[in-house]
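Visitor: Residues 1 to 304 (full-length UniProt numbering) make up the sequence shown, in order.
Using N, Cα and C, we set each Cβ at its ideal position, and we do this for glycine too.
The structure presented is a predicted model; accordingly, all values stated were derived computationally and were not measured.
Let me give you the structure first, and then I'll get to my questions.
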Amino acid sequence: MIGKRLKKGDTIGIISPSGALEPEKIENSLKTLNDLGFNIKEGKHIYDRWGYLAGKDMDRAQDLMDMFMDQEVDMILCTRGGYGTMRILDLIDFNIIGKNPKIFAGFSDITALLNSIFQRCGIITFHSPMCNTDFDDFTLKSFLNTLMNGHSSLIIENPENIPTNYFNGEYASGKLIGGNLSLICSLLGTPYSIDTTDKILFIEDIGEEPYRIDRMLTQLTLSGDLQKCRGFIIGQFKNCQLPHYERSLTLTEILEDRILSLKKPTLSNFQSGHSYPRITLPIGTNVEVDFKEGKINLLEPAVK
């Protein structure tokens, strides 16, 4: 199922299902969305704070459910990631969400919701910028083009001046899944673990030293999830490098050993994740990846 494509004048519902964001940053983002021609509906608890969380679990979950049930809301956008979406997964009524398909967008910690909503409801979700994003020209263009024009043929690719690299083949097709590597691993062994069978797996992360990336990819190897994929898209790994490597493998060496060794088509340096520019990706859409050209071709609409 897919939500309606976004149009000027539509209403975007704002929720904080994860970490707390400073009120002024939320307000500045809402002004930006208003200036772009969209109406805004704020969740009741978007300014709440409970330690590192944006309020109590039940309140954050209720804001999510309220936005899906609200017929005036055309799209749901999260304020930020951080940590917290895993805590509300058992509080969500996915049957209700499945009966009210609409655009749901965010990234980072929101990875848990993006993939759970797709897997349990069959609704395409969007790995996209949020209210804590600085919208540079390319990031904004990708965001609006995917959500507003994703009902027709769409090719998603890096800016012309940022090349990608490819390995182990030129083409692969399948449903696009994934997001933040830490969250993908955190869901393993739960009812919300991501099914990677015959999928194109996208991964990105921030602030993880190389040995931690190694540990997470090894966990996915031991679980058999990497071996089940048809291909990989490696996004931005921001601040995952070290100043010296006397006692460490480099990130490149880890990716070569844990992913490229599987001999499956792989695209690297794709500009989606915690850095800029930040490309918007439809999670759950059937895609064909042209690894040589660095292009993701949508084989079906992401919105209607």
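Count the other C-beta atoms from every protein chain shown that fall within 10 angstroms of the C-beta of Tyr171, then say buried if there are 16 or more, exposed otherwise.
Guide: Exposed: under 16 other Cβ atoms inside 10 Å.
Visitor: Tell me which same chain residues have a C-beta within less than 8 Å of the C-beta of Val289, skipping the five on either side of it?
Guide: Tyr171, Ala172, Ser173, Ile200, Gly231, Ile233, Pro265, Leu267, Lys295, Ile296 and Asn297, listed in sequence order.
Visitor: From the DSSP output, in three-state form, read off Cys121 for me.
Guide: DSSP places Cys121 in helix when its eight states are reduced to three.
Visitor: Going by C-alpha distance, which of Leu77, Gly82, Phe126 and Phe68 is nearest Gly98?
Guide: That would be Phe68, whose Cα lies nearest to the Cα of Gly98.
Visitor: What are the uninterrupted segments assigned as alpha helix (DSSP H) that are 4 or more residues long and contained completely in the stretch 187-238, given in chain order?
Guide: The qualifying runs are 210-222 and 225-228.
Visitor: What would DSSP say about Pro282, mapped onto helix, strand or coil?
Guide: In the structure shown, Pro282 sits in a strand (DSSP, three-state: E or B).
Visitor: Going residue by residue through the stretch 82-137, where are the continuous beta strand (DSSP E) segments of at least 3 residues, counting only ones entirely within it?
Guide: With a minimum length of 3 residues, the continuous beta strand (DSSP E) runs that stay inside the stretch 82-137 are 103-106 and 125-127.
Visitor: Run through DSSP, which three-state label would Ile26 get?
Guide: Looking at Ile26 - three-state DSSP - the assignment turns out to be helix.
Visitor: Using DSSP with H/G/I as helix, E/B as strand and the rest coil, what is Glu256?
Guide: Here Glu256 sits in helix by DSSP.
Visitor: If you reduce the DSSP assignment to three classes, tell me which class Ser173 lands in.
Guide: Strand at Ser173.
Visitor: Measure the C-alpha to C-alpha separation of Phe126 and Leu113 and round it to an integer number of angstroms.
Guide: Roughly 10 Å between the two C-alpha positions.
Visitor: Beta-carbon separation of Phe270 and Asn100 under 8 Å?
Guide: Going by C-beta atoms, Phe270 is not nearer than 8 Å to Asn100.
Visitor: According to DSSP, is Asp66 helix, strand or coil?
Guide: Asp66: helix per DSSP, three-state reduction.
Visitor: What residues match up with Met75 in a beta bridge as DSSP calls it?
Guide: Partner(s): Ile12 and Ile103.
Visitor: Assess, as a yes-or-no matter, whether the stretch 139-155 is touched by the stretch 209-219 under the definition of 3 or more beta carbon pairs within less than 8 Å.
Guide: They do not touch, by the three-pair rule.
Visitor: Assign Pro163 to one of two classes, buried (16 or more other C-beta atoms within 10 Å of its C-beta) or exposed (fewer than that).
Guide: Label assigned to Pro163: exposed.
Visitor: Should Gly51 go down as buried or exposed, given a rule of 16 or more other Cβ atoms within 10 Å for buried?
Guide: Label assigned to Gly51: exposed.
Visitor: Rounded to the nearest angstrom, what separates Gly122 and Tyr245 at their Cα positions?
Guide: When rounded, the distance between both Cα atoms is 43 Å.
Visitor: Using the beta-carbon count (16 or more within 10 Å), is Leu181 buried or exposed?
Guide: Under this definition Leu181 is a buried residue.
Visitor: Pick helix, strand or coil for Leu154, following the three-state DSSP scheme.
Guide: Residue state, collapsed to three classes: coil.
Visitor: How long is the line joining the alpha carbons of Asp10 and Phe138, rounded to whole angstroms?
Guide: Cα to Cα, Asp10 sits roughly 22 Å from Phe138.
Visitor: Got a sec? Which residues, its chain only, sit under 8 Å from Ile259 by beta carbon, not counting five neighbours each side?
Guide: Only Leu217, Leu226, Phe232, Ile234 and Thr266 meet the Cβ criterion.
Visitor: To which residues of the same chain is Gly150 closer than 6 Å at the C-beta, ignoring the five residues directly before and after it?
Guide: Result list for Gly150: Ala302 and Val303, in chain order.
Visitor: Would you tell me roughly how many angstroms separate the C-alpha atoms of Leu89 and Asn165, rounded to the nearest one?
Guide: Rounded to whole angstroms, Leu89 to Asn165 spans 36 Å at the Cα level.
Visitor: Note down, in chain order, each residue of its chain lying with its Cβ closer than 7 Å to the Cβ of Leu249, except the 5 sequence neighbours on either side.
Guide: Answer for Leu249: Pro210 and Asp214, listed in chain order.
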